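Colleague: Could you have a look at this structure, given as structure tokens, before my questions?
Protein chains in written order, with the working numbering: chain A, 1 to 361; chain B, 1 to 316.
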């Protein structure tokens, strides 16, 4: 079982290592992490901090995708949460006080909870396709965020709010701590209880799991609520980092990055099987890719082409056609004993890994 | 009225008439043929995008790359014209690039079994990235052919005029209508969206059709880019962000089921007109801000999706 898990993670981990090697070869001190004023500094810390919002959303998105769903509205929900929090803080008599900030965040999270319930209800109660159901909030959500900010970019000057995006706790950036907390919470909830199993079973066959006594409707609503809450958290981190809520641009395309992280991590979009560890690696791969593009000196805007290349490569590698071809190739290699005649495969360990996977199935 | 086939289209037609009537009742000068003609002029590119999207959605897929490919087309057009390439070659080149992108996406989906959502997402990233590589800033177009076409006004009725782009868009809609209604290819698109496995068993050209709808969508995105560069006389990498959502919304509001198999391209055209009318009303109102457009579109999307859900549930 552990070998199977490792073989699923081998591609994303390999990509991550390659990216790190490229970085180290360009910037020799890339991997060094130093402590300055009691805070951790270094490129690796930056990768973790900048990747935190995507990771937070991607973890929840993994659970949504595991139920055979998808949530396109996370960027819009993040923008709404950021807009609401900043608007409340700026209208409060004492914008700097932690109590104001806590209240604003609390109200935003409650709103996010409602938005998650809305998405979940459309999917689970009305039976809409998830991509359609969440498209509605994706389309209307930024309009709602604009409504909250009245079309302005709301700039917040509150030290207490700033901590979420750029603060440090025990030397570690706060966004990283939030991301770690989300990952640990999701892992404990789904892997230490039966919740993960139930989610997978709903993803494999909702009707069968309902007949087996699983409350699939509640579970599905639950994962969308979790996703909206995660989106709100990510929106808060992003807004706090920019010290401004920008309804149009906060979390723009983050839903795509989050889905990309999940897919790179080896979770199937068809639902039923998921890997939180894979998602963590996937999110790190995306952020490291962005950093690598900076390090190598390519204009950062070109990152999108590299993302496209990575999605395409990962999808083609995971596709049934490729798997079948690899398996056939493997069989033909085994079938012809004079191995010296065939050219040695360039990536033997990977091919063997995939062969083992097929055999185990 | 209650069939999933015609119901939503009729509702959309009624909605369009009601919206236009409301606009005419509220604002002076709204109820004119020129305002109606301007709906076509201002939304010509969206009409063409929606036609391509209709083919894809009818076949049971989705194309998230249309906005990005359209932006890429405006950028390529502007860049080629800037480099002194003739307008005819430029237009052919843009349409070819967009169609080839569609072909690649279709191949990925058909041959490798990648989900349409992910494959077109990759195409979207690729197209936006290429935009920035080709031209980070906006490039203006001063080619004589393009500027002539941009200022051309074709009289249709008394003193009502439309742009050449609007005429092209209407022709595209009519061509798509004929293809979907009267050709073997059109019927295969419906069959594919209805049930892919049955289409395969019936011996229909599933593979070819599946790839072809993405080529059509790519071609339409390229054409929409050309029309948009006539309209704005520039190429800019940030144009049409979110246009894929508007196109999908127009198709859904026009009554096409997002699961595929049901719908009409004329419905999608009506959907575009509904979205355009909302925009026009908000412009006439003046005090409503533009973000209300997005909220209205979202609300309409919800209404139509729920309506379709109810109609299809009753059917089965």
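Ideal placement from N, C-alpha and C gives every residue a C-beta, glycine not left out.
If you're wondering where the values come from, they're calculated on a predicted model, not measured in any experiment.
Under three-state DSSP, which class holds residue 79 (chain A)?
Modeller: Residue 79 (chain A): helix per DSSP, three-state reduction.
Colleague: Report the residues of the stretch 291 to 307 of chain B with a CB closer than 9 Å to any CB of chain A, ordered along the chain.
Modeller: From the stretch 291 to 307 of chain B, only 291, 292, 293, 294, 295, 296, 297, 298, 299, 301, 302, 305 and 306 have a Cβ closer than 9 Å to chain A.
Colleague: If you follow the beta strand (DSSP E) that residue 193 (chain A) is part of, which residue opens it and which one closes it?
Modeller: Careful: residue 193 (chain A) lies outside any beta strand (DSSP E) and carries neither H nor E.
Colleague: Could you tell me the boundaries of the alpha helix (DSSP H) in which residue 160 (chain B) lies?
Modeller: Segment 160 to 162 is the beta strand (DSSP E) holding residue 160 (chain B); no alpha helix (DSSP H) there.
Colleague: Please report how far the alpha carbon of residue 46 (chain B) lies from the alpha carbon of residue 59 (chain B), in whole angstroms.
Modeller: Between residue 46 (chain B) and residue 59 (chain B), the C-alpha separation is close to 20 Å.
Colleague: Under a CB-based cut-off of 7 Å, is residue 285 (chain B) close to chain A?
Modeller: Residue 285 (chain B) does not count as touching chain A.
Colleague: Whose C-beta lies closer than 6 Å to the C-beta of residue 393 (chain A) among residues of the same chain, with five residues either side of it excluded?
Modeller: Residue 393 (chain A) is absent from the model: chain A starts at 1 and stops at 361.
Colleague: Does the stretch 184 to 203 of chain B come close enough to the stretch 70 to 86 of chain B to have 3 or more Cβ pairs within less than 8 Å?
Modeller: Verdict: no, contact absent.
Colleague: Taking any Cβ of chain B, which residues in the stretch 311 to 337 of chain A have a Cβ under 8 Å from it, in chain order?
Modeller: Those residues of the stretch 311 to 337 of chain A that come within reach of chain B (Cβ to Cβ, closer than 8 Å) are 311, 312, 315, 316, 319, 320, 321 and 322.
Colleague: The ligand SAH and residue 172 (chain A): does the residue's C-beta get closer than 6 Å to at least one heavy atom of that ligand?
Modeller: The ligand SAH is absent from the structure shown, which contains no ligand whatsoever.
Colleague: Could you name the residues of chain B that residue 151 (chain A) contacts, counting a contact when the two beta carbons are closer than 9 Å?
Modeller: Under the 9 Å cutoff, chain B gives 289, 290 and 291.
Colleague: Per DSSP, what kind of secondary structure is residue 245 (chain A) in: helix, strand or coil?
Modeller: Strand.
Colleague: Counting C-beta neighbours from all protein chains within 10 Å, is the total for residue 173 (chain A) 16 or more, i.e. buried, or is it exposed?
Modeller: Classification of residue 173 (chain A): buried, given that the 10 Å Cβ count is 16 or more.
Colleague: Under the three-state reduction of DSSP, which class applies to residue 33 (chain A): helix, strand or coil?
Modeller: Residue 33 (chain A) falls in the coil class under three-state DSSP.
Colleague: Against chain B, which members of the stretch 128 to 143 of chain A pass a CB distance test of less than 9 Å?
Modeller: Result list: 128, 129, 131, 132, 133, 135, 136, 137, 138, 139, 140, 141, 142 and 143.
Colleague: Per the contact definition of three or more C-beta pairs closer than 8 Å, is the stretch 293 to 308 of chain A in contact with the stretch 50 to 70 of chain A?
Modeller: These segments do not touch.
Colleague: Run through DSSP, which three-state label would residue 39 (chain A) get?
Modeller: Strand.
Colleague: So if DSSP puts residue 140 (chain B) in a beta bridge, which residue, or which two residues, is it bridged to?
Modeller: Residue 140 (chain B) pairs with B:234.
Colleague: Could you tell me which residues DSSP pairs with residue 154 (chain B) in its beta bridges?
Modeller: B:162, per the DSSP bridge assignment.
Colleague: My parser needs the beta strand (DSSP E) runs of 3 or more residues fully inside the stretch 201 to 280 of chain A; what are they?
Modeller: Counting whole runs of 3 or more residues, the stretch 201 to 280 of chain A contains no beta strand (DSSP E) stretch at all.
Colleague: Output the distance between the C-alpha atoms of residue 165 (chain B) and residue 314 (chain A), rounded to the nearest integer angstrom.
Modeller: Distance between the alpha carbons of residue 165 (chain B) and residue 314 (chain A): 40 Å.
Colleague: Please report whether the beta-carbon of residue 245 (chain B) lies at a distance below 7 Å from any beta-carbon of chain A.
Modeller: For residue 245 (chain B), the answer is yes, since a Cβ of chain A falls inside 7 Å of its Cβ.
Colleague: Can you give the beta carbon distance from residue 98 (chain B) to residue 218 (chain B), rounded, assuming they're within the 8 Å contact cut?
Modeller: The pair is a contact, with the Cβ atoms about 5 Å apart (cut-off 8 Å).
Colleague: Chain B partners of residue 146 (chain A), CB-CB under 7 Å?
Modeller: Chain B residues near residue 146 (chain A): 291.
Colleague: Check this for me: beta carbons of residue 222 (chain B) and residue 75 (chain B), under 7 Å apart or not?
Modeller: It is not a contact, given that the beta carbons lie outside the stated cut-off.
Colleague: According to DSSP, is residue 268 (chain B) part of a helix, a strand, or is it coil?
Modeller: Residue state, collapsed to three classes: helix.
Colleague: When Cβ atoms are compared, which residues of the stretch 45 to 65 of chain B fall closer than 9 Å to chain E?
Modeller: Among the protein chains of the structure shown, namely A and B, there is no chain E.
Colleague: Quick one: does residue 118 (chain B) have its CB under 7 Å from some CB of chain A?
Modeller: At least one chain A Cβ lies under 7 Å of residue 118 (chain B).
Colleague: Taking 7 Å as the threshold (beta carbon to beta carbon), is residue 183 (chain A) in contact with chain B?
Modeller: Output row for residue 183 (chain A): interface = no.
Colleague: Please list the residues of the stretch 215 to 249 of chain B that have a C-beta atom closer than 9 Å to any C-beta atom in chain A, keeping them in chain order.
Modeller: Flagged, chain order: 237, 241, 242, 245, 246, 248 and 249.
Colleague: Is the separation between the beta-carbon of residue 278 (chain B) and that of residue 293 (chain B) shorter than 7 Å?
Modeller: Cβ distance < 7 Å, so residue 278 (chain B) and residue 293 (chain B) count as in contact.
Colleague: Should residue 56 (chain A) go down as buried or exposed, given a rule of 16 or more other Cβ atoms within 10 Å for buried?
Modeller: Residue 56 (chain A) comes out buried.
Colleague: Got a sec: which bits of the stretch 254 to 273 of chain A sit with their beta carbon under 9 Å from any beta carbon on chain B, in order along the chain?
Modeller: For the stretch 254 to 273 of chain A, which is checked against every Cβ of chain B, the residues closer than 9 Å are 256, 259, 260, 263, 269 and 270.
Colleague: I'd like to check one pair, residue 79 (chain A) with residue 251 (chain A): are the Cβ atoms closer than 7 Å?
Modeller: Cβ distance < 7 Å, so residue 251 (chain A) and residue 79 (chain A) count as in contact.
Colleague: Let me know the secondary structure DSSP gives residue 172 (chain A) once reduced to three states.
Modeller: Reduced to three states, the DSSP call for residue 172 (chain A) is strand.
Colleague: Check whether chain B comes within 7 Å of residue 296 (chain A), counting only Cβ atoms and requiring the distance to be less than that.
Modeller: No, residue 296 (chain A) lies away from the interface with chain B (no Cβ there is under 7 Å from its Cβ).
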